[in-house]
Structures are given as structure tokens and as C-alpha cells.
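Undergrad: Provided herewith is a single structure, encoded as C-alpha cells, for subsequent inquiry.
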Amino acid sequence: MVVMPEYEFRDVYVPRGVSRKAATRLLTEHAEYGHWELDRLRLNSDGSRQVRLRRRIIRQLRATW
1 MVVMPEYEFR DVYVPRGVSR KAATRLLTEH AEYGHWELDR LRLNSDGSRQ
51 VRLRRRIIRQ LRATW
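Taking the numbering used here, I'd label the letters of the sequence shown as residues 1 to 65.
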């Protein structure tokens, strides 16, 4: 039986006035300190970005002794 990994998601909205460098720094901090990874990036026509981050949920098994 193969168990598929479970993920939790976080949506981040980056307004259009934010530079690419600042957005990169924001997402890098989420990745380094929160262990998030990029799942989806959507660039809207007005220049804003909708970012979906994900990280794996690690379930700990009960000890049975």
C-alpha cells in the first residue's frame, strides 16, 4: 500500500506595487523559516500575484510498546 503525502496550503497575495526583488525575498523567507515550497504562482493582468505555497504534513505514528 502506497501512502500519498499530505500537504497543507497557504495562499499569499502580493500587490502590484511590490517589486520582483521584494516578492522574491518574501517567498524566500517563507521557504527558509516555514519550510514552504512554491505550488502555484498566478500573475494577474493588473500586475498583482497570487501565490500558493505548500508544505508536507508529517504525521507521527504512535508508539505501541
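Beta carbons: idealized from backbone N, C-alpha and C, even for Gly. Predicted model only: the values in this text are computed from it and were never measured.
1) Would you give the residue range spanned by the alpha helix (DSSP H) that Arg20 belongs to?
2) State the Cα-Cα distance for the pair Leu26 and Tyr13, rounded to the nearest angstrom.
3) Is Arg59 helix, strand or coil when you go by DSSP?
4) Flag this pair as yes or no: are the beta carbons of Arg49 and Ala23 separated by less than 8 Å?
5) If we ignore side chains and look at the alpha-carbon of each, how far apart do Tyr33 and Pro5 end up?
TA: The short version:
1) Arg20 to Gly34
2) 11 Å
3) coil
4) Against a cut-off of 8 Å, the Cβ pair of Ala23 and Arg49 comes out as a contact.
5) 21 Å
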